[in-house]
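Q:
In UniProt numbering, the protein residues as written are 1 to 412.
Dropping the structure here:
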């Protein structure tokens, strides 16, 4: 998925190639996901942009927009595989293995294409094979674009909102939540623009483990996290997501060996790279560098169970939730003496014995049933009870064998 740096690359090429030009031709193909899921249609998009001048372009995290000469303004999100192509500009952040391969235009899976007026003409297109991208129109003045949904629900951008995203702000945000730090970084409601690879790079550079809970870091660790975030995001944006120019000590250059026969599984200095799942996403970790210094998910579960056993002791078992009731019962059993356990076992054995006797009698078809009933119940019941039990059991008829015989098989 395109992250903060890849989106910055797209905005760079829009500013370079489209700003100041009028859109003479706009062709959009309707898509119920890309347009429809955000309340727009291809026809509305086409009408809104045709004949308009592109005044500027902006970005907040993974969202970007074009400011038109008059509202509405288009706001874009790339989703998983979306991209804004400028013909002949090499705007895509992945380079083709075949440098001499001729560019296909319009690109496959295009959702719209543009052509500017005047000379030289510029052509652009937005393509998305998996259709997770979103294209919407916002009807407001340019200065208010960031005050519209979904931008206003997203957190500050590490590059353009440095005055907001301070170390103090970050510490307050981390201490308010109890989630793995990697999951917090990926949540766009907290911070805009950080995706999977950027999040891993930030944590590796800060020497923090992705599974550790956000509210367990020291002030010194949070300062390291903040410095790492500012540095990684700014560098990636400045380099326009060109990975060939990324610093050699970044984990990015060595993380893509998973599942590949000859792929790297360690850094050049020999430190092992491992993979684990945090917040539903695969995280790349160097355990020798990223040590756990606080609680993780498993630790919290153990602590929760321990506190439950303390809390439920003074509450009647029948008034507790099913989970706490189990804890209370287990706690009560652990406090029993050997004498209590012996008594409980005797009571259980006594309650099971009559049932066992009755089953034994019913399953025995041989001998005098009345005599057996009298013998087995002797000394354990009163005479009246004994005679009644004998009468009841004597009335039980033994099961008769079926008189039906198997039919002979007739050969045909």
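All C-beta atoms, glycine included, are put in the ideal place defined by N, C-alpha and C. None of the values given here were measured: they were computed from a predicted structure.
Might you give, ordered along the chain, the residues of its own chain that have their beta carbon closer than 7 Å to the beta carbon of residue 252, omitting 5 neighbours on each side?
A: Same-chain partners within the cutoff: 197, 201, 243 and 246.
Q: Indicate whether the contact test is met: 3 or more Cβ pairs, each with one atom in the stretch 55 to 62 and one in the stretch 151 to 162, closer than 8 Å.
A: Short answer: they touch.
Q: Name the DSSP bridge partner or partners of residue 209?
A: Per DSSP, none; premise fails for residue 209.
Q: Out of curiosity, what's the CA-to-CA distance linking residue 69 and residue 15?
A: If I take the Cα positions, the gap works out to 15 Å.
Q: I need the straight-line Cα distance from residue 413 to residue 272, nearest angstrom please.
A: Because the chain is modelled from 1 through 412, residue 413 falls outside the range shown and cannot be assessed.
Q: Measure the Cβ-Cβ separation of residue 45 and residue 132 and say whether it is below 9 Å.
A: No. Outside cutoff.
Q: Please classify residue 125: is it buried, with 16 or more other beta-carbons within 10 angstroms of its beta-carbon, or exposed?
A: Looking at its Cβ environment, which holds 16 or more other Cβ atoms inside 10 Å, residue 125 is buried.
Q: Where are the beta strand (DSSP E) runs, 3 residues long or more, that stay fully inside the stretch 22 to 110, in chain order?
A: With a minimum length of 3 residues, the continuous beta strand (DSSP E) runs that stay inside the stretch 22 to 110 are 23 to 28, 54 to 60, 63 to 68, 73 to 77 and 83 to 86.
Q: Taking only three categories from DSSP, how would you classify residue 201?
A: Helix, per DSSP.
Q: Since residue 277 sits in a beta bridge, which residues does DSSP pair it with?
A: DSSP lists 282 as partners of residue 277.
Q: Please confirm whether residue 213 and residue 294 have their CB atoms less than 9 Å apart.
A: Their beta carbons are under 9 Å apart, which means residue 213 touches residue 294 by this criterion.
Q: If you reduce the DSSP assignment to three classes, tell me which class residue 113 lands in.
A: Three-state result, residue 113: strand.
Q: Which residues does DSSP pair with residue 135 in a beta bridge?
A: Bridge partners of residue 135: 76.
Q: If I'm right that residue 40 touches residue 135 with Cβ under 8 Å, what's the distance once you round it to whole angstroms?
A: Between residue 135 and residue 40 the Cβ distance is about 6 Å, and since that is below 8 Å, they are a contact.
Q: Quick check on DSSP: helix, strand or coil for residue 252?
A: In the structure shown, residue 252 sits in a helix (DSSP, three-state: H, G or I).
Q: In the structure shown, what three-state DSSP assignment does residue 152 receive?
A: Here residue 152 sits in helix by DSSP.
Q: Excluding sequence positions up to five away, which residues of its chain have a Cβ less than 8 Å from the Cβ of residue 276?
A: Same-chain partners within the cutoff: 210, 211, 282, 283 and 285.
Q: State the DSSP-derived secondary structure class of residue 295, mapped to helix, strand or coil.
A: Correct three-state label for residue 295: coil.
Q: Alpha carbons only, please: which of 279, 268 and 167 is nearest the one belonging to residue 229?
A: Looking at the Cα atoms, 167 is the closest of the given residues.
Q: Assuming residue 26 and residue 55 are in contact, meaning their beta carbons sit under 8 Å apart, how far apart are those beta carbons, in whole angstroms?
A: Going by Cβ atoms, the distance from residue 26 to residue 55 rounds to 16 Å, so no, they are not a contact pair.
Q: Can you give me the start and stop residues for the beta strand (DSSP E) that residue 123 sits inside?
A: Start and end: 123 to 127.
Q: Quick check on residue 414: does DSSP put it in helix, strand or coil?
A: Past the boundaries of the shown model lies residue 414; the chain is included only from 1 to 412, so the question cannot be answered.
Q: Here's the rule: buried if 16 or more other CB atoms are within 10 angstroms of the residue's CB, otherwise exposed. What is residue 128?
A: Label assigned to residue 128: buried.
Q: On the three-state DSSP scale, how would you describe residue 142?
A: Of the three classes helix, strand and coil, the one that applies to residue 142 here is helix, per DSSP.
Q: At which residues does the alpha helix (DSSP H) containing residue 288 begin and terminate?
A: Premise fails: residue 288 is in no alpha helix (DSSP H) and is neither H nor E.
Q: Buried or exposed: where does residue 65 fall if 16 or more other Cβ atoms within 10 Å of its Cβ makes it buried?
A: Classification of residue 65: buried, given that the 10 Å Cβ count is 16 or more.
Q: Relative to the C-alpha of residue 119, which candidate in 224, 219, 279 and 23 has its C-alpha closest?
A: For residue 119, the nearest C-alpha among the options comes from 23.
Q: I'd like the span of the alpha helix (DSSP H) that includes residue 175, first residue to last.
A: From DSSP, the alpha helix (DSSP H) with residue 175 extends over 167 to 176.
Q: To the nearest angstrom, how far is the alpha carbon of residue 231 from that of residue 181?
A: One C-alpha to the other measures close to 18 Å.
Q: Output the distance between the C-alpha atoms of residue 227 and residue 206, rounded to the nearest integer angstrom.
A: C-alpha separation (whole angstroms): 8 Å.
Q: What residues match up with residue 266 in a beta bridge as DSSP calls it?
A: Answer is 272.
Q: Output needed for residue 93: all residues of its chain with C-beta closer than 6 Å, excluding positions within five of it in sequence on either side, in chain order.
A: So the qualifying residues of the chain are 6, 9 and 241.
Q: Among the residues of its own chain, which have a CB less than 7 Å from the CB of residue 115, if the five just before and after it don't count?
A: Excluding sequence neighbours, residue 115 sits near 24, 25, 121 and 123.
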